[in-house]
Amino acid sequence: MKYDDETLMAYADGELDAAQRAQIDAAIAQDPGLALRVQEHKALRARMTGAFSRVLDQPIPERLEAAARVGVRAETPARGNVIKFPARSARAPSPPWRAREWIAMAASLLLGVLLSWRLLVPANSAIKSFEELRGKRVGVVEFSFQDIQFIYACKRKGIDAFKDLTRVNLSSPAGVVAGMTSARVDACTIFEPYGSILMIEHGAKMISNLGDDSFGISNGGLYVHNDFIRKYPELTQDIVDATVKATDFVTKDKGAWIARAQQFTGQTEAVAKLAIDNCTPSLDIPIDTIRKISTAMYDAGIHNRDVADVIDKFIDYRFLEKSTGKTKEQLGFKS
Amino acid sequence: MNKLPEEQRLAVALVLVEGMSYKEAAGVLEIPMGTLTSRLARGRTALAAELADEARGDIA
Numbered sequence: 000m001k002y003d004d005e006t007l008m009a010y011a012d013g014e015l016d017a018a019q020r021a022q023i024d025a026a027i028a029q030d031p032g033l034a035l036r037v038q039e040h041k042a043l044r045a046r047m048t049g050a051f052s053r054v055l056d057q058p059i060p061e062r063l064e065a066a067a068r069v070g071v072r073a074e075t076p077a078r079g080n081v082i083k084f085p086a087r088s089a090r091a092p093s094p095p096w097r098a099r100e101w102i103a104m105a106a107s108l109l110l111g112v113l114l115s116w117r118l119l120v121p122a123n124s125a126i127k128s129f130e131e132l133r134g135k136r137v138g139v140v141e142f143s144f145q146d147i148q149f150i151y152a153c154k155r156k157g158i159d160a161f162k163d164l165t166r167v168n169l170s171s172p173a174g175v176v177a178g179m180t181s182a183r184v185d186a187c188t189i190f191e192p193y194g195s196i197l198m199i200e201h202g203a204k205m206i207s208n209l210g211d212d213s214f215g216i217s218n219g220g221l222y223v224h225n226d227f228i229r230k231y232p233e234l235t236q237d238i239v240d241a242t243v244k245a246t247d248f249v250t251k252d253k254g255a256w257i258a259r260a261q262q263f264t265g266q267t268e269a270v271a272k273l274a275i276d277n278c279t280p281s282l283d284i285p286i287d288t289i290r291k292i293s294t295a296m297y298d299a300g301i302h303n304r305d306v307a308d309v310i311d312k313f314i315d316y317r318f319l320e321k322s323t324g325k326t327k328e329q330l331g332f333k334s
Numbered sequence: 000m001n002k003l004p005e006e007q008r009l010a011v012a013l014v015l016v017e018g019m020s021y022k023e024a025a026g027v028l029e030i031p032m033g034t035l036t037s038r039l040a041r042g043r044t045a046l047a048a049e050l051a052d053e054a055r056g057d058i059a
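Sequences listed follow chains L and P, in order.
Numbers 0 to 334, taken from numbering that gives the first Met the number 0, label the letters of the first sequence in order.
Numbers 0 to 59, taken from numbering that gives the first Met the number 0, label the letters of the second sequence in order.
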């Protein structure tokens, strides 16, 4: 039996049902040529995925590797000091943060990639302000951080993001780009470098950088179990030191950063430059901002409890204090 | 990947880079599954040819 390329691609992508898969498994066993074609499709898929995850393949410090080998994997992970929040209402989200985003965030912290966010409209749009979004369709990745910023910014401007406009969940940054370029939405919220790609390659216009209209400068965080800190204080310090070093690198030499971004992601120089110009490298952990984010997530129905009054107990400034030589108050803590 | 036509590039980006299922990608792009699979197939074929050319260039 002959198989066309579309079928073999679907096989390589894991899209066939069990019966179809079994047929092709049997055919591959008999036909080395067919096996080679499938292998080529799998290799291309792996290459495409790999091209965008090369940053995760950077050499790992020896101590990191050693800890991973002997400790972390050998034991059942501790529950850790983590509050779980059941959904408050039917409107509350399915999975608000996907594993890949957390991994990306962790990688970002280690490598000093800083994210920032934009509210954009297409090139030919007449929309010039938040107020003009009433009745419009806004493309989002539902309950991503930029979506939470957007909901909060709308509230500050007297707009109900759940009633006065339609938030269209486009699932991923690539989906948001597709939604904008195909005119399915009238505006979108997005993070870098996708925002800069839309601006440079598709002429999109910025209505807000979202930070200014919501919580102010926001930063990523490094999340670990208390157990991990107890067992590996030196390793934790190493990770924080690396983050500090990477942030210093971005702050002092934007040109080198732009070159590195081009090298790893294939972005054009113009996109990489615009993206980094929209970022504000910072090591601070501004507790007031975190409290505001907590309240905004509660208001939006994402959490069933506002943890603004206890969140400081879950933030450990010690490692950052040691790495930067600053006090926690200088790093953004307020009681 | 930037050399691909927009519709093929988006199909490839969503499935191969973002890791979406065909159903999810077709839903995001609001196109039928058949359209998604044909765009994906054309994009992949073009991409494979491009990468093969690059490899030849490297050897030369």
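Glycine residues also receive a C-beta, built at the ideal position from the N, C-alpha and C atoms.
State buried or exposed for residue i, treating a residue as buried only when at least 16 other CB atoms are found within 10 Å of its CB.
i	result
L:Asp-185	buried
L:Asp-12	buried
L:Gly-178	buried
P:Met-32	exposed
L:Asn-277	buried
L:Glu-130	exposed
L:Phe-144	buried
L:Val-309	exposed
L:Gly-70	Residue placement at L:Gly-70 is flagged as unreliable, the pLDDT there being 37, under the threshold of 50; the coordinate-derived value follows with that caveat. So L:Gly-70 counts as exposed.
L:Ser-334	exposed
L:Thr-235	buried
L:Pro-192	buried
L:Gly-210	buried
L:Ala-182	exposed
L:Ala-203	buried
Between residue i and residue j, what straight-line distance do the alpha-carbon atoms span, to the nearest angstrom?
i	j	result
L:Asp-3	P:Ser-37	12 angstroms
L:Cys-187	P:Val-16	21 angstroms
L:Asn-168	L:Val-120	16 angstroms
L:Thr-246	L:Asp-252	10 angstroms
P:Leu-50	L:Ala-125	41 angstroms
L:Asn-123	L:Ile-199	14 angstroms
L:Glu-233	L:Phe-313	20 angstroms
P:Leu-28	L:Ile-189	17 angstroms
P:Arg-43	P:Gly-26	20 angstroms
L:Thr-267	L:Ile-216	26 angstroms
L:Ser-93	L:Leu-132	Residue confidence is low: L:Ser-93 scores 36 on pLDDT, short of 50, so the model does not pin down where it sits. Its coordinate-derived value is still stated next. Approximately 25 angstroms, taken between the alpha carbons.
P:Met-19	L:Phe-227	32 angstroms
L:Arg-44	L:Pro-172	19 angstroms
L:Arg-36	L:Gln-261	32 angstroms
L:Asp-16	L:Leu-7	13 angstroms
L:His-201	L:Phe-149	22 angstroms
L:Phe-263	L:Met-0	42 angstroms
L:Gly-134	L:Ile-27	54 angstroms
L:Gly-157	L:Ile-284	28 angstroms
L:Gly-32	L:Glu-39	11 angstroms
L:Ala-299	L:Arg-166	13 angstroms
P:Leu-35	L:Arg-20	20 angstroms
L:Ala-42	L:Gly-194	30 angstroms
L:Ala-18	P:Ala-10	26 angstroms
L:Lys-154	P:Ile-30	34 angstroms
P:Ala-47	L:Ile-23	22 angstroms
L:Lys-325	L:Asp-237	17 angstroms
L:Asn-303	L:Asp-311	18 angstroms
L:Arg-46	L:Ala-255	26 angstroms
L:Arg-68	P:Met-0	Caution applies to L:Arg-68, whose pLDDT of 43 falls short of 50 and renders its modelled position unreliable; the value that the coordinates give is listed next. Each residue's alpha carbon lies about 37 angstroms from the other.
L:Lys-327	L:Asn-208	28 angstroms
For residue i, which residues does DSSP report across the bridge?
i	result
L:Ala-34	Looking at the DSSP assignment, L:Ala-34 forms no beta bridge with any residue, so it has no partner.
L:Ala-186	L:Val-137
L:Pro-120	Sequence inspection shows Val at residue 120 of chain L; the Pro mentioned does not correspond to that position. Note: L:Val-120 sits in a beta bridge opposite L:Lys-204.
L:Asn-168	L:Val-139
Can residue i and residue j be called in contact, C-beta distance under 7 angstroms?
i	j	result
L:Phe-332	L:Ile-286	yes
L:Ser-322	L:Val-243	yes
L:Leu-319	L:Val-239	yes
L:Ile-257	L:Ala-271	yes
L:Ile-206	L:Leu-118	yes
L:Ser-213	L:Ala-152	yes
L:Glu-5	P:Ala-24	no
L:Ser-128	L:Asn-218	no
L:Leu-164	L:Val-140	no
L:Ala-295	L:Ile-147	yes
P:Ala-45	P:Leu-13	no
L:Pro-305	L:Tyr-297	The sequence shown places Asp at residue 305 of chain L, not Pro. Yes, these two residues count as a Cβ contact at 7 angstroms.
L:Ile-301	L:Phe-161	no
query: Considering only residues of the stretch 219-292 of chain L, which uninterrupted beta strand (DSSP E) runs meet the minimum length of 3 residues and lie entirely inside it, listed in chain order?
result: none
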